[in-house]
Every structure is written in C-alpha cells, then in structure tokens.
Ligand code: KIV
C-alpha cells in the first residue's frame with residue numbers, strides 16, 4: 011500500500027516543484043476511483059450544495075451534511091489526503107465554534123485537514139484551529155460563501171489595490187499556520203506572485219497555470235453538466251452523454267422485455283416452471299414458478 015499523502019508530503023512536493031493534483035469528491039465510489047488513479051488530494055467541498063443538492067449556492071450546506079460526505083470519502087481514501095470543507099457559518103461566528111466544527115470534520119468525518127474561506131480577518135481562527143492540532147487550508151480570491159458580498163461569482167484581484175489585499179491575505183494565513191491555500195478566480199499573474207511569495211503550496215482553480223497545484227469540482231471535470239462551461243474549466247470526460255446513453259439503452263431493454271434475461275436470473279432448487287412450454291425463450295421473458 012502506498013503511504014498517505016500528508017501535509018509534509020505536500021510541502022515537499024512544492025519544494026521539489028512537483029505539481030499537486032486535487033479533485034473534489036463527495037462519496038465513496040468517486041473517492042475510490044480518484045484515489046486509485048493517484049489523485050493527491052480529495053476535497054470534500056461545500057460545492058456539493060450545488061452539484062449534489064441542486065442549490066443555487068453553497069450557503070445552505072450544513073455541518074451534518076459535510077460530516078456525512080467526509081465520512082463517505084475518507085473511508086475510501088487509501089493514499090489521497092482528505093480535506094473537509096467548513097460550510098457557511100460553521101466558523102464565522104466565533105473561534106470556539108470554528109475549532110469545534112473543524113474537530114467534527116476530523117473526528118466524525120475522518121478528514122485529515124480542513125479548509126475555510128477568507129483572508130486576514132480569519133487569521134486568528136486559522137491559528138486557533140491549527141493550535142488544536144488540525145491542519146488548515148486557506149481559500150482566498152473568489153470565495154463562494156461571500157457570493158452576495160462579491161455581487162456574484164466575479165474574478166477577484168484584477169486591480170492593483172485588490173491584488174495587494176489578496177497578497178496580504180495569503181501572507182497572513184501562512185503566518186497563522188495554514189499548510190496550503192486555494193487560490194480561486196484570480197488573474198494568473200497574481201496567482202504566480204502569491205505562489206512565489208509563499209512557502210506553503212498554493213492550489214489554483216480559475217487562477218492559471220502557476221500555482222503549485224490545481225483543483226476542479228469533479229462533476230465539472232467529468233462533464234456531468236453540459237450547460238456549465240466557464241472559461242477556466244477543462245472537461246476530461248463527457249459523462250452526461252455516457253450516462254444518458256446507458257440510461258436510454260437500459261430503458262429500451264426493459265420496455266422490450268430483453269432485460270433481465272435468463273443470464274441475469276436465478277434458478278430455484280425447489281420450484282419448476284408450470285409447463286415446460288412456458289420456458290422463456292433463451293434470454294427473454296418472465297419466469298412463472300409454482301412449488302414442486
Ligand atoms: O467547495 C469546493 O469545491 C471548493 C473548490 C472549488 C476549491 O471550495
């Protein structure tokens with residue numbers, strides 16, 4: 011068995027210039043596949059509110075839901091490092107609540123670190139969680155939990171002053187003890203600058219090629235929603251089409267009485283068909299039985 015990816019592994023990867031690949035995962039089946047494929051980090055993101063639950067934002071996601079999904083993912087992550095996302099209002103109100111909720115993702119959800127959104131204003135929160143023994147990944151730039159404050163899902167840090175603020179945010183989080191940082195929805199020049207300035211790994215999404223690693227929402231990367239086509243996204247599969255055609259084939263075979271056929275049915279030890287001529291055609295039709 012390969013050794014677990016830890017915060018130390020990730021630091022060494024940055025030092026060695028080895029890129030870090032992270033995908034979101036929300037259940038055990040996807041986690042098992044990504045883990046076996048060698049993906050370094052699995053983020054149980056609160057993006058599940060949108061891609062799993064069909065909400066318009068990540069805001070309705072609860073701690074209970076995050077613990078549930080973390081548990082499902084961590085059970086299958088043999089090598090990949092599992093990050094549990096802190097949902098909206100699980101850490102904003104007080105450091106005490108933040109520490110307790112971070113602890114839940116680790117103790118109940120099996121996460122190996124947690125992620126929270128926000129810059130310098132959350133430095134103390136990060137410090138307190140790290141002091142409790144839980145590694146924290148920061149998340150700055152386009153922070154979806156602040157969608158209303160940002161006025162939508164808008165690229166951040168495009169002008170000098172805002173770029174400076176984001177650089178200061180990144181430095182404050184590193185100083186507070188964050189072990190890595192997501193850079194979301196920022197210009198590639200700024201992501202390169204932050205990545206150069208920090209000794210901890212940066213993981214980009216919509217932030218260009220210069221971060222130490224990349225993350226994508228797995229349902230987006232796998233093409234589950236053909237209508238979602240932001241500029242930053244590259245699709246590595248077209249699962250919407252693959253699944254649609256599989257579902258249509260199944261539908262057709264069930265309607266035609268072709269599935270299930272004999273090969274996918276069981277034979278009784280104690281029952282026989284009423285009449286031999288009721289034996290279904292090879293691979294077709296229902297089987298009626300009576301006790302012998
Ligand atoms: O919730 C999430 O999936 C995320 C990533 C997009 C970074 O925060």
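Numbering (our numbering), first residue to last: 11 to 302. The beta carbon of each residue, even a glycine, is placed where N, CA and C say it ideally should be. Everything numeric in this text was worked out from a predicted model, so none of it was measured.
8 angstroms Cβ shell around residue i - same chain, five flanking residues per side excluded
i, result
"residue 124", "93, 94, 95, 96, 112, 115, 116, 139, 144, 145, 146, 147"
"residue 238", "230"
Residues near residue i in its chain [Cβ-Cβ closer than 7 angstroms; skip 5 each side]
i, result
"residue 50", "15, 30, 31, 32, 90, 91"
"residue 40", "228"
"residue 173", "167, 200"
"residue 61", "227, 229"
Local Cβ density within 10 Å of residue i, reported as buried at 16 or more and exposed below that
i, result
"residue 150", "buried"
"residue 209", "exposed"
"residue 24", "buried"
"residue 254", "exposed"
"residue 302", "Per-residue confidence for residue 302 stands at a pLDDT of 44, beneath the threshold of 50, marking its modelled position as unreliable; no derived number is given."
"residue 205", "buried"
"residue 154", "buried"
"residue 246", "exposed"
"residue 12", "exposed"
"residue 257", "exposed"
"residue 36", "buried"
"residue 260", "exposed"
"residue 281", "exposed"
"residue 188", "buried"
"residue 136", "buried"
"residue 275", "exposed"
For residue j and residue i, the rounded distance between their alpha carbons
i, j, result
"residue 83", "residue 277", "38 angstroms"
"residue 241", "residue 197", "12 angstroms"
"residue 79", "residue 54", "7 angstroms"
"residue 343", "residue 203", "Summary: the structure shown does not reach residue 343, with the chain confined to residues 11 through 302, and so no result is reported for it."
"residue 34", "residue 105", "26 angstroms"
"residue 177", "residue 70", "29 angstroms"
"residue 324", "residue 195", "Outside the displayed range of the chain (11 to 302) lies residue 324, so it cannot be described from this structure."
"residue 133", "residue 218", "25 angstroms"
"residue 223", "residue 67", "25 angstroms"
"residue 236", "residue 129", "33 angstroms"
"residue 244", "residue 59", "21 angstroms"
"residue 264", "residue 57", "35 angstroms"
"residue 165", "residue 107", "30 angstroms"
Nonlocal neighbours in the same chain, by C-beta distance under 6 angstroms from residue i, ignoring five residues either side
i, result
"residue 118", "77"
"residue 4", "This structure leaves residue 4 out entirely; the chain is present only between 11 and 302."
"residue 87", "41, 45, 52"
According to DSSP, residues forming a beta bridge with residue i
i, result
"residue 158", "Paired residue(s): none; residue 158 is not in a bridge."
"residue 193", "150, 214"
"residue 124", "94, 146"
"residue 30", "223"
"residue 51", "32, 91"
Checklist line | Nearest-residue set for the ligand KIV, Cβ under 7 angstroms from any heavy atom | finding: 34, 53, 55, 56, 57, 68, 95, 125, 149, 154, 192, 194, 215, 225, 227
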